[in-house]
Amino acid sequence: MQRKNSILKRDRHRSGIAMIMAIAVIVIIATIMALAISLTSQTTKRTTDVYLYEQSALLAHGAAEYALLRISQNPPCTDLDETFTQGTLYNITINLRYIYDSNTSCIANGGTLYTTVTTPEQNGSVLMDITVDVNDTTVASEPIRYFKRTLQKL
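Going from the sequence shown to our numbering is simple: count from 1 and add 7.
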């Protein structure tokens with residue numbers, strides 16, 4: 008009889024250790040899963056922000072090309088400052104400042120003269136300030152703004 012009691016006591020002791028080991032494994036797996044979910048949410052946020060920033064840079068480049076097209080279709084020094092929305096996500100602002108010699112009257116054409124130059128080689132340039140903002144804060148986790156300043160020869 009004593010042997011049976013001894014065997015039963017050993018089984019109880021073994022099942023208690025198995026229960027402790029099972030709880031430890033569950034805690035370790037839960038910790039790893041929580042870390043994986045945290046990293047996944049951070050990666051998704053970062054990927055979205057990088058995508059929006061790169062899209063803003065491409066839109067700024069396109070806006071510069073658009074401004075040059077509009078300048079080529081209008082007389083010198085025409086004020087073509089514009090603000091418009093691409094889709095419903097991006098606000099694009101284009102500001103132009105002209106660089107001409109003192110013989111060209113930018114003010115008579117309604118444009119903004121940035122500075123006058125003295126040599127013909129410097130004559131006929133435009134300073135473009137292009138700003139692209141993401142106006143939807145539900146998409147981006149933080150404000151995204153891309154600014155591009157370029158000097159273009161006309």
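Every residue, glycine too, gets a C-beta built ideally from N, C-alpha and C.
For the beta strand (DSSP E) that residue i lies in, which residues bound it at each end?
i       : result
Leu-158 : 152 to 160
Glu-149 : Counting along the chain, Glu-149 falls outside any beta strand (DSSP E), and DSSP gives it neither H nor E.
Leu-134 : 132 to 141
Thr-92  : 89 to 93
Taking all protein chains shown into account, do 16 or more other C-beta atoms lie within 10 angstroms of the C-beta of residue i, making it buried, or fewer, making it exposed?
i       : result
Val-133 : buried
Tyr-153 : buried
Ala-37  : exposed
Val-34  : exposed
Tyr-107 : buried
Ala-70  : buried
Ala-29  : exposed
Ala-25  : exposed
Val-43  : In the sequence under discussion, the amino acid at residue 43 is Ala, which differs from the Val named in the question. Ala-43 is exposed by the Cβ-count criterion.
Gly-23  : exposed
Ala-74  : buried
Can you name, in chain order, every residue of its own chain whose Cβ lies under 6 angstroms from the Cβ of residue i, other than the five neighbours on each side?
i       : result
Asn-102 : Asp-88 and Asp-136
Thr-5   : Missing from the structure shown is residue 5; the chain here goes from 8 to 161 and no further.
Thr-138 : Thr-100 and Phe-154
Asn-98  : Thr-92, Asp-140 and Asn-142
Tyr-60  : Ile-151
Determine whether the beta carbon atoms of residue i and residue j lie at a separation below 8 angstroms.
i       : j       : result
Lys-155 : Gly-131 : no
Asp-143 : Leu-66  : no
Ser-79  : Ile-151 : no
Ser-148 : Asp-86  : no
Compute every distance between the C-beta of residue i and the non-hydrogen atoms of the ligand NAD, then say whether any falls below 7 angstroms.
i      : result
Cys-84 : The model depicted lacks the ligand NAD and carries no ligand whatsoever.
Excluding five sequence neighbours on each side, which residues of the same chain lie with their C-beta closer than 7 angstroms to the C-beta of residue i?
i      : result
Thr-47 : none
> Quick one: complete beta strand (DSSP E) runs, 3+ long, within the segment 52 to 107?
Replying inline: 89 to 93
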